[in-house]
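**Student:** The sequence shown begins at 2 in the working numbering and counts up one residue at a time.
Backbone N, C-alpha and C fix where the C-beta goes; we use that ideal spot for every residue, glycine too.
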Amino acid sequence: MTVISLEDPAAPEILQTLEIGARPLSASVNAGGDILAVSYSIEGGAGVETPVQLFRIAEDGSLSEPVSPTIAGYALGEDNIMDIDWHPSENVIVWINQFDNTMQFASVGDDLSVTPFGNTVDIDRAPYRVLFTPDGTHAVTNALYWGPDIAGIWVEAPRGQLLSVRMNAEVGEDGTARHALVDRVMTGVSPEGLAVSPDGRWVATTNLERSYLPYDDDRITWYSSVTLAALDQETGDLTEVGTFNYDGILPEAAVFDNSGNYLAVANFDHFDDRIEGSSIDFWRIQTDPLDPGNTQLIKTEHSVPVARGAHSMVIAR
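As structure tokens, then:
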């Protein structure tokens with residue numbers, strides 16, 4: 002794990018390098034900026050005793066040695082915590098378990114204990130990313146529909162799904178919480194990337210389709226795609242706007258700008274082999290002023306070249 006100081010954005014410095022377990026899957030910092038959560042693959046590594054480790058973050062940004070909390074009902078070697086996200090205002094985390102296709106919410110104590118609360122929510126197959134909505138009432142996740150009964154594990158996967166889950170949909174008199182699956186919409190094939198706009202209006206997935214196959218494979222799609230859905234933060238309802246194809250290979254991460262009107266997409270590679278490396282491509286959300294129901298996601302001509310293989314991306318707000 003590498004910590005980089007951006008005190009001088011023009012001259013970033015490596016502040017710390019810390020050896021952690023093998024096969025980390027996700028890393029997420031809480032809203033207070035003082036706890037880092039890391040999840041691990043089922044295979045794990047030396048020094049990793051649980052699927053999740055927590056690190057305290059000092060004021061200078063350096064990390065403590067990891068804490069491996071015992072989590073009731075979860076064990077390394079049995080559960081694949083594919084992704085974790087923190088609530089926008091509370092020390093609450095949500096994670097997705099890729100092996101049993103579930104979502105779980107948990108509170109993190111001052112002693113870095115992790116206590117799941119409420120029911121485990123059954124979601125769609127092979128969840129990949131999870132994000133809280135900006136107001137913290139819902140979590141959204143994408144389902145890839147990969148598996149051993151799919152030809153090539155993922156090659157011939159069907160179209161994926163985008164789902165919303167309401168945290169604390171009901172709270173009983175004894176304080177027991179019930180979380181609820183609210184809605185789902187269809188995406189393109191293999192929706193690996195997931196982004197929620199800062200105002201909570203939009204959710205987007207970046208879809209690999211079958212753009213990564215060899216050029217002589219008849220199953221190849223000579224396009225990738227981005228799916229846009231409207232989100233009602235109050236209810237958690239999703240409305241599919243559409244899936245928009247474009248000329249690119251393996252789109253991975255995506256992030257909305259501060260206005261929520263533009264989307265940056267990390268495009269892994271290009272079908273035009275004369276173009277070297279990856280690119281960060283910029284898309285615009287546009288509604289027809291004479292037909293408000295007609296919303297389009299438009300790929301603009303703005304594109305920034307980066308090194309080949311771009312996978313992850315965040316915005317410095």
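(1) With which residues is D175 paired in a DSSP beta bridge?
(2) Distance check for S280 and E241, CA to CA, integer angstroms please.
(3) May I ask you to report which of helix, strand or coil DSSP gives W155?
(4) What are the boundary residues of the beta strand (DSSP E) that includes F100?
(5) Cα-Cα, which of E66, D61, G62 is closest to L55?
(6) Taking the continuous beta strand (DSSP E) assigned at E241, which residues delimit it?
(7) Compute the Euclidean distance between the alpha carbons of G305 and D270, then round it to the nearest angstrom.
(8) Using 10 angstroms around the beta-carbon of P192, count the other beta-carbons present and answer buried if the total reaches 16, otherwise exposed.
(9) Determine the contact status of G161 and G189, defining contact as a CB-CB distance below 8 Å.
(10) Would you decide whether G310 is buried or exposed? Buried here means 16 or more other CB atoms lie within 10 Å of its CB.
(11) Return the chain-ordered list of same chain residues with a C-beta closer than 6 Å to the C-beta of F100, the five sequence neighbours on each side being excluded.
(12) If you compare alpha carbons, which of L209, T228, L232, A230 is closest to T222?
(13) Three or more beta-carbon pairs under 8 Å between the stretch 168-179 and the stretch 198-205, yes or no?
(14) What's the C-alpha gap between Y75 and E277?
(15) Could you tell me which of S90, H139, G153 sits nearest to D238, measuring between CA atoms?
(16) In the DSSP assignment, what residue or residues form a beta bridge with Q17?
**Tutor:** From the atom records:
(1) As a working mapping, residue 175 is identified with position 174 in the sequence shown. Note: D175 sits in no beta bridge, so no partner.
(2) In the sequence shown, the residue the question calls residue 241 occupies position 240. In the sequence shown, the residue the question calls residue 280 occupies position 279. Going from the Cα of E241 to the Cα of S280 covers about 26 Å.
(3) Taking the sequence shown and counting its residues from 1, one reaches residue 155 at position 154. Taken through DSSP and simplified to helix, strand or coil, W155 comes out as coil.
(4) Looking up residue 100 in the sequence shown gives position 99. F100 -> no beta strand (DSSP E), and no H or E assigned at all.
(5) As a working note, residue 55 is residue 54 in the sequence shown. Out of E66, D61, G62, E66 has the C-alpha closest to the C-alpha of L55.
(6) Position 240 of the sequence shown holds residue 241. Residues 239-247.
(7) Within the sequence shown, the letter at position 304 stands for residue 305. Within the sequence shown, the letter at position 269 stands for residue 270. According to the sequence displayed, residue 305 carries Val and not Gly. Cα atoms of V305 and D270: separation of roughly 13 Å, rounded to the nearest angstrom.
(8) For this step, residue 192 is matched to residue 191 along the sequence shown. When all chains shown are included, P192 counts as buried.
(9) To locate residue 161, count along the sequence shown from 1; it is residue 160. To locate residue 189, count along the sequence shown from 1; it is residue 188. Yes.
(10) Locating residue 310 in the sequence shown gives position 309, where the first residue counts as 1. By the 10 Å Cβ count, G310 comes out exposed.
(11) Sequence index remark: in the sequence shown, residue 100 carries index 99 (1-based). Hits under 6 Å: N81.
(12) Residue mapping note: residue 222 aligns to position 221 of the sequence shown, counting from 1. If we check each option's Cα against that of T222, L209 comes out closest.
(13) Counting Cβ pairs under 8 Å, fewer than three are found: no touch.
(14) Working through the sequence shown from its first residue, we reach residue 75 at position 74. Working through the sequence shown from its first residue, we reach residue 277 at position 276. About 43 Å.
(15) Here residue 238 corresponds to residue number 237 of the sequence shown, with the count starting at 1. Comparing Cα-Cα distances from D238 to each of S90, H139, G153, the minimum goes to H139.
(16) Here residue 17 refers to the residue found at position 16 of the sequence shown. Per DSSP, V4.
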